[in-house]
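Asks: Below is the structure I would like to discuss, written out as structure tokens.
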Amino acid sequence: MMQEEFNEIFVKYHEIITLGVYGTSIALMLIGLYAVLMKKNLVKIVIGLSIIDAGIHLLFVGIGYIRGGTAPIFSPGYENAANRMVDPVPQALVLTAIVIGFAVTSVALSLIIRLYKHHNTAKIDQIKSLKW
Amino acid sequence: MVITPIHYIIVPLLAAFAIPLISKIHKELSRIIPGIVMFYNIVISFVLMQEVNTVGYISEIIAGWEAPWGINLIITPFSGFLVSLISVLGFLIWLYQYKFKKVIDVGEIKSYGILQMMMITGAIGIIITGDIFNLFVFMEIVAVTAVSLTSFYRNRDGAEAGFKYLLIGGFASAMILLAILLLYTQVGTLNMAEISERMHMVPQGIKATILVLFIIGFGIEAEMFPLNGWAPDAYSQAPGPTSAAFAGIVVKAGVYGLVRIIFTLFDIEGAFDFLIIAGLVTMIIAEFSAVHQTNLKRMLAYSSIGQMGLVLIAFGIGTKAAVFAALFLMFNHAIVKSLLFMTGSILMYNSKSKTISSLNGIAKKLPYVSILFAIGAFAIVGLPPFSGFWSKLYILTAAADKEMIFLILAILAVSIVEIVYYFRVVSNL
Amino acid sequence: MKKVFIIILLALIGYFLVDTVYNIPFGENRIGSIESDHPTVAGYYLSNTVEKSRVANVITAIVVNYRGLDTLGEVTVLFLATTGIASILYRRKEEEEDVERLNLPSSMLIRTGARVLFPIIALLGIYVFIHGHLTPGGGFQGGTIVATGFLLMLISYKGFNTNHNIMAWIESIAGLSFILIGVWGLISDNTFLGNIPEVGKLNSLLSGGLIPIIYIAVGFKVAVELTGILDILLKIKPNK
Chain D
-10 MMQEEFNEIF
0 VKYHEIITLG
10 VYGTSIALML
20 IGLYAVLMKK
30 NLVKIVIGLS
40 IIDAGIHLLF
50 VGIGYIRGGT
60 APIFSPGYEN
70 AANRMVDPVP
80 QALVLTAIVI
90 GFAVTSVALS
100 LIIRLYKHHN
110 TAKIDQIKSL
120 KW
Chain X
377 MVITPIHYII
387 VPLLAAFAIP
397 LISKIHKELS
407 RIIPGIVMFY
417 NIVISFVLMQ
427 EVNTVGYISE
437 IIAGWEAPWG
447 INLIITPFSG
457 FLVSLISVLG
467 FLIWLYQYKF
477 KKVIDVGEIK
487 SYGILQMMMI
497 TGAIGIIITG
507 DIFNLFVFME
517 IVAVTAVSLT
527 SFYRNRDGAE
537 AGFKYLLIGG
547 FASAMILLAI
557 LLLYTQVGTL
567 NMAEISERMH
577 MVPQGIKATI
587 LVLFIIGFGI
597 EAEMFPLNGW
607 APDAYSQAPG
617 PTSAAFAGIV
627 VKAGVYGLVR
637 IIFTLFDIEG
647 AFDFLIIAGL
657 VTMIIAEFSA
667 VHQTNLKRML
677 AYSSIGQMGL
687 VLIAFGIGTK
697 AAVFAALFLM
707 FNHAIVKSLL
717 FMTGSILMYN
727 SKSKTISSLN
737 GIAKKLPYVS
747 ILFAIGAFAI
757 VGLPPFSGFW
767 SKLYILTAAA
777 DKEMIFLILA
787 ILAVSIVEIV
797 YYFRVVSNL
Chain Y
50 MKKVFIIILL
60 ALIGYFLVDT
70 VYNIPFGENR
80 IGSIESDHPT
90 VAGYYLSNTV
100 EKSRVANVIT
110 AIVVNYRGLD
120 TLGEVTVLFL
130 ATTGIASILY
140 RRKEEEEDVE
150 RLNLPSSMLI
160 RTGARVLFPI
170 IALLGIYVFI
180 HGHLTPGGGF
190 QGGTIVATGF
200 LLMLISYKGF
210 NTNHNIMAWI
220 ESIAGLSFIL
230 IGVWGLISDN
240 TFLGNIPEVG
250 KLNSLLSGGL
260 IPIIYIAVGF
270 KVAVELTGIL
280 DILLKIKPNK
């Protein structure tokens, strides 16, 4: 069955798979943070924030994985699979978090449109008129 | 139908979804609806406070699943009192907003009503929820509405202040989300009461990480130094009723969230000292910055941040008297600061520019408003017999009980600074 | 100089994160059994959804039923974002005529392709959110798919206009129905968003009581709101 083969692969390459999932999400968070801190273009900064969110969501879903688990849906044929399903809670929470992240990004983009209309530029160093 | 805490949430939501439709038919009605909702909030508060005082603790379960399988809303005497205060303030701010000319002229008024009402609802939600992810959702409601309201006027500074707020706020919510995630993997539940029971199972290293992430996230909302860079810009650019709501309502919810997380989730000894230090630094830096300001609203914003620092100090002292003093100070500050922002906005609207010096002699034109502003200034600064004096006295007594001489000196020094910059404005009127 | 400083900061944060995550082994079974002293919520959901909620997709049951207040909050955030964007990019009536969508001229391939794909995409989206309780998917996912179809049409055709009036109506009615379903639960069962799960049998379209209905309302709301946001963001007054 597919499950046993997958289990074997999982045990053999445990380190790499862990590195893959966790490493990717942390890398995404760092890349996003770099973009927020270093980039001059406003749109790139917002994209950076979005990437940070993506990293966190990926980490969340990845942590919810259980070895050998299957999707938490009781389709026909899986009625008794309750004890080998992955954790459903992170997936539900990430669903909500993705939508909220989208809402924040869209508001940020609309603000950029307005800033662009006023200043005719989208670079952050030319827009900083509010100081300490 | 019995009045339960969920009414705080669903009545404003129903109104918010209905207003776009109603405004097509009858514009005036859609402006009054937020007022009716805010008034109903007061009614709910009245009923619930009586219930809490007899029963001691209200917990309402949502969707028929009791905690921790479902979400529950909790009202304690403390939180119930805070929410009642917010309801009353919300109604008063609405009364002010109904007549506030600048908003009526410039913007899309139905959106303003919806956003303002939902911001207050979000703040109430933060306080009454018993589930930590729900807390995150309500914080996002507050963030999105606050940013939209900050940029409501079509000038460029508003958009910039809003953008700054959104970036920092987005970062804060990412921190909180990460903290919730890590916490979930350790305790397996999302209900706050259960989490506090299971905290001893969490290894110390991860506990510290989660605490740091939470402090950064909530500190941004509660305007703790050094995370409050967004606040002066946001307060000064937002329309008058919104600044009043920021100072009186939103920041209270942020402080409440911060204190609740630190107290109920973590029992680390250093937490109290940390609050005192953070509050002290916030207060000193904010109050000293307030002296330089020429824009009235920015000055009020810095003063607000400073007062919140004082509240954090009071929570950090930790004795029962100190917590009571903190509560009293929050109560006092919410009312008086909102008053100051509202009257201040009227004064600024009627003067030539936004600077303090341009308010010269405005008392002749608007005598009542100026008197109200002066009363507010006296109250905040701590002149007897106004409430500010008593609240500061309580905090000083609590500090004296624990023999924190340095704190007493710092608070007195800061009060003198406050007197300086407030009197500068009042004498100018 | 600033770049070096930030790289060091990022390296520190990265090390800090890796160190934290290292203590959370990948794939470890954290659900445990529900008999233990500290039962996890996940265990409860997995064991009890079939009997108590009669819904095949556990995640849908969590999102709509167990944690329905979160979903309500999320729908609210979307609604408030739409309202906020409308107020940030507010235009008075006179200015409405000046705005136009900035479209690059699209080739015949795109135009024809968009016209063919759009109904298929919309159908897929509607399928996803109607079957949210049986297959992976649901209101948010399906609504997003439908909105993507609209986006395709919006950027291919300069003249394609969505009817804002109808969209406002759908949005408000969908939102109101979500809350009214909840209020009905409040009145009849004394809990907000209470469910009546006995309707239908497991794995059929008509299972799970109120859950599919709520998700369908959410699907419509999300589709309409996302399309509205895209429409507002795409309309810019050209700088003369």
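Protein chains in written order, with this note's numbering: chain D, -10 to 121; chain X, 377 to 805; chain Y, 50 to 289. Glycine is no exception: its CB is placed at the ideal position from the N, C-alpha and C atoms. Owing to the predicted nature of the structure, the values given are computational and were not obtained by experimental measurement.
1) Measure how close the beta-carbons of Ala548 of chain X and Gly593 of chain X come, nearest whole angstrom, since I'm counting them as under 8 Å.
2) Rounded to the nearest angstrom, what separates Lys51 of chain Y and Met27 of chain D at their Cα positions?
3) Give me the residue from D:Lys112, D:His3, D:Tyr105 with the minimum Cα distance to Ile55 of chain D.
4) Quick one: what's got a C-beta closer than 7 Å to His709 of chain X's C-beta in the same chain, skipping five residues either side?
5) Give the C-beta separation of Ala24 of chain D and Gly37 of chain D to the nearest angstrom, bearing in mind that I take them to be a contact with Cβ-Cβ under 8 Å.
6) Within this structure, are the beta carbons of Gly466 of chain X and Met425 of chain X separated by less than 8 Å?
7) Are the CB atoms of Gln492 of chain X and Pro396 of chain X nearer to each other than 8 Å?
8) Are the stretch 514 to 521 of chain X and the stretch 447 to 460 of chain X touching by the rule of at least three beta carbon pairs closer than 8 Å?
9) Taking C-beta to C-beta, are Phe691 of chain X and Ala620 of chain X nearer than 8 Å?
10) Counting only the same chain and skipping the five closest in sequence on each side, list residues whose C-beta sits under 8 Å from that of Leu98 of chain D.
11) Quick one: measure Cβ to Cβ for Phe601 of chain X and Val657 of chain X, integer angstroms, because I've assumed they're closer than 8 Å.
12) Suppose you measure from the CA of Leu705 of chain X to the CA of Ile408 of chain X; what does that come to, to the nearest Å?
13) Less than 8 Å separating the beta-carbons of Thr521 of chain X and Ala537 of chain X?
14) Output needed for Val124 of chain Y: all residues of its chain with C-beta closer than 7 Å, excluding positions within five of it in sequence on either side, in chain order.
15) Counting only the same chain and skipping the five closest in sequence on each side, list residues whose C-beta sits under 7 Å from that of Ala598 of chain X.
16) Please name the residue, chosen from D:Ile62, D:Leu47, D:Ser39, D:Ala43, that lies closest to Arg103 of chain Y on a Cα-to-Cα basis.
17) Closer than 6 Å by C-beta to Asp507 of chain X: which residues in its own chain qualify, once you throw out the five before and the five after it? Chain order, please.
18) Got a sec? Which residues, its chain only, sit under 7 Å from Glu274 of chain Y by beta carbon, not counting five neighbours each side?
19) DSSP three-state label for Asp76 of chain D, please.
20) What are the start and end residues of the beta strand (DSSP E) that includes Glu436 of chain X?
21) Quick one: what's got a C-beta closer than 8 Å to Leu22 of chain D's C-beta in the same chain, skipping five residues either side?
22) Name, in chain order, the residues that DSSP records as bridge partners for Lys284 of chain Y.
23) Can you tell me whether Phe65 of chain Y is buried or exposed? The criterion is at least 16 other CB atoms within 10 Å of its CB, across all chains shown.
24) Determine, using beta carbons only, whether Ser680 of chain X comes closer than 8 Å to chain D.
25) Would you say Tyr54 of chain D faces chain Y, with C-beta separation under 8 Å as the test?
26) Below 8 Å on the Cβ atoms is my guess for Thr497 of chain X versus Ile385 of chain X; work out the distance and round it to an integer in Å.
27) Going by Cα to Cα distance, which pick from Y:Gln190, Y:Ala105, Y:Met202 is closest to Leu183 of chain Y?
28) What would DSSP say about Leu748 of chain X, mapped onto helix, strand or coil?
29) Within 8 Å of any Cβ in chain Y, is that where the Cβ of Ser572 of chain X sits?
30) Since Asn106 of chain Y is in the alpha helix (DSSP H), which residue starts that stretch and which ends it?
31) Pick helix, strand or coil for Leu138 of chain Y, following the three-state DSSP scheme.
32) Determine the contact status of Ile450 of chain X and Ile434 of chain X, defining contact as a CB-CB distance below 8 Å.
33) Can you tell me the Cα-Cα spacing of Tyr770 of chain X and Gly122 of chain Y, whole angstroms?
34) Please report the straight-line C-alpha distance between Ala775 of chain X and Leu587 of chain X, rounded to a whole angstrom.
35) Is it right to say Gly9 of chain D is buried, meaning 16 or more other beta carbons lie within 10 angstroms of its own, or is it exposed?
36) Note down the Cα distance separating Ser205 of chain Y from Met216 of chain Y, rounded to an integer number of angstroms.
Replies: Reading it off the structure:
1) 5 Å
2) 9 Å
3) D:His3
4) Gln683
5) 3 Å
6) Not a contact, by the Cβ cut-off of 8 Å.
7) no
8) no
9) In this structure, Ala620 of chain X does not lie closer than 8 Å to Phe691 of chain X by Cβ.
10) Within the same chain, Leu98 of chain D has close Cβ partners Val32, Val35.
11) Contact holds; Cβ gap of about 5 Å.
12) C-alpha of Leu705 of chain X to C-alpha of Ile408 of chain X: approximately 32 Å in a straight line.
13) no
14) Gly224, Phe227, Val267, Lys270
15) Counting only residues of its own chain and dropping the five nearest sequence neighbours on each side, Ala598 of chain X has a CB closer than 7 Å to the CB of Val627, Gly630, Val631, Leu634, Met684.
16) D:Ile62
17) Counting only Cβ-Cβ distances below 6 Å, and skipping sequence neighbours, we find Ile447, Leu566, Asn567.
18) Cβ neighbours of Glu274 of chain Y beyond the five flanking positions: Leu127, Phe128, Thr131, Glu220.
19) coil
20) 434 to 437
21) Gly37, Ile41
22) Y:Arg150
23) exposed
24) no
25) Under the Cβ distance rule, Tyr54 of chain D counts among the residues neighbouring chain Y, one pair being separated by less than 8 Å.
26) 6 Å
27) Y:Ala105
28) helix
29) no
30) Taken as a continuous stretch (DSSP letters only), Asn106 of chain Y belongs to no alpha helix (DSSP H), as it is neither H nor E.
31) coil
32) yes
33) 39 Å
34) Between Ala775 of chain X and Leu587 of chain X, the C-alpha separation is close to 26 Å.
35) exposed
36) Distance between Ser205 of chain Y and Met216 of chain Y, taken at the CA atoms: about 20 Å.
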